[in-house]
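Report on one structure; see the data block that follows.
Residue numbers (the numbering used here): 8 to 270.
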């Protein structure tokens, strides 16, 4: 159902062989956006082999190039994948494990937003779109990567969510409901890791990083007078993503890690 295109931008010695993620293989879904750009750079600088996916090959190629050359080169690849197609997502996971021998992480950065001025003005077409972007893609990546992450000695599945899932506002009913559903699905995955670990505890972990909203340099340039109060910079998000691997699986599995004030 999808037209897969391999991005062959992949050369160069990893410049962070002694980094915190040296030897790790980490996939990033939704790698073409600003948060994806920052995550690819940070993970590659930490020593990981990074495999990005996006549905926009041009945007993905830019992110891969940026990650490779940010600090003199990094081991990064990219591939266009239809994350709304379970079989396509499973095939992507299978190729990563076949090519690299392991998968140590999946960072889920697929986003999207629709809202309304009032609750009564909610358009259910927004829900139909957001359910696909924010829920269905989580279902597919989690199912596709669960077994490989469980085989890793430091597997992590990270969902980026929003504070609105905990305290929805009237105009964000569809968005907040979709985020809440994605969180619940991720927590069920975490319970799967817990049960698989038995008495020794989980080997791998699924966790949720919660932000109010994200901000990046282009947004600040477009709105120089905006405060962006409570927003998380995409570079800070990338740093927090890297940091999850420094904590024991049992400490992060099934938890919400707040990067903004709790509502």
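Glycine included, every Cβ here is placed at the ideal spot set by N, Cα and C. This one's a predicted model, so the numbers in the text were calculated from it and none came from an experiment.
Where residue i sits in the DSSP three-state scheme
i, result
"residue 59", "strand"
"residue 117", "coil"
"residue 203", "helix"
"residue 252", "coil"
"residue 111", "coil"
"residue 13", "Any reading at residue 13 needs caution, since the residue's pLDDT is 39, under 50, leaving its predicted position unreliable; the model's value is listed next. Looking at residue 13 - three-state DSSP - the assignment turns out to be strand."
"residue 220", "coil"
"residue 154", "helix"
"residue 176", "coil"
"residue 193", "helix"
"residue 22", "Note that residue 22 has pLDDT 41, beneath the 50 cutoff, so the model's placement of it is unreliable and the number below is only indicative. Looking at residue 22 - three-state DSSP - the assignment turns out to be coil, as it is neither helix nor strand."
"residue 260", "coil"
"residue 92", "coil"
"residue 8", "Annotation note: pLDDT 35 at residue 8 (below 50); position unreliable, no value reported."
From the options, residue whose alpha carbon lies closest to that of residue i
i, options, result
"residue 66", "249, 39, 156, 213", "39"
"residue 74", "253, 242, 263, 106", "242"
"residue 167", "210, 155, 151, 113", "113"
"residue 191", "176, 169, 230", "169"
"residue 101", "82, 202, 34, 267", "34"
"residue 76", "44, 98, 226", "44"
"residue 214", "187, 238, 223, 260", "260"
"residue 153", "130, 198, 120, 134", "198"
"residue 203", "175, 256, 250", "256"
"residue 164", "264, 83, 224", "264"
"residue 146", "84, 94, 130, 253", "94"
"residue 253", "117, 58, 161, 155", "161"
Delimiting residues of the beta strand (DSSP E) encompassing residue i
i, result
"residue 134", "No beta strand (DSSP E) holds residue 134; the alpha helix (DSSP H) holding it covers 131–137."
"residue 86", "83–87"
"residue 35", "32–36"
"residue 75", "Segment 64–76 is the alpha helix (DSSP H) holding residue 75; no beta strand (DSSP E) there."
"residue 47", "First-last for residue 47: 41–52, but that is the alpha helix (DSSP H), not the beta strand (DSSP E)."
"residue 263", "263–265"
Cα-Cα separation between residue i and residue j, rounded to whole angstroms
i, j, result
"residue 232", "residue 220", "17 Å"
"residue 137", "residue 183", "10 Å"
"residue 62", "residue 144", "12 Å"
"residue 91", "residue 142", "10 Å"
"residue 128", "residue 88", "34 Å"
"residue 262", "residue 105", "30 Å"
"residue 245", "residue 206", "32 Å"
"residue 26", "residue 110", "17 Å"
"residue 235", "residue 48", "23 Å"
"residue 180", "residue 28", "38 Å"
"residue 72", "residue 228", "22 Å"
"residue 187", "residue 121", "15 Å"
"residue 86", "residue 60", "5 Å"
"residue 237", "residue 174", "15 Å"
"residue 149", "residue 211", "13 Å"
"residue 133", "residue 36", "22 Å"
"residue 124", "residue 178", "5 Å"
"residue 222", "residue 172", "19 Å"
Residue i: first and last residue of the uninterrupted alpha helix (DSSP H) it sits in
i, result
"residue 159", "Where residue 159 is concerned, there is no enclosing alpha helix (DSSP H), given that its DSSP letter is neither H nor E."
For residue i: DSSP bridge partner residues
i, result
"residue 99", "Looking at the DSSP assignment, residue 99 forms no beta bridge with any residue, so it has no partner."
"residue 214", "165"
"residue 125", "Bridge partners of residue 125: none, in fact."
"residue 148", "DSSP output for residue 148 lists no bridge partner at all."
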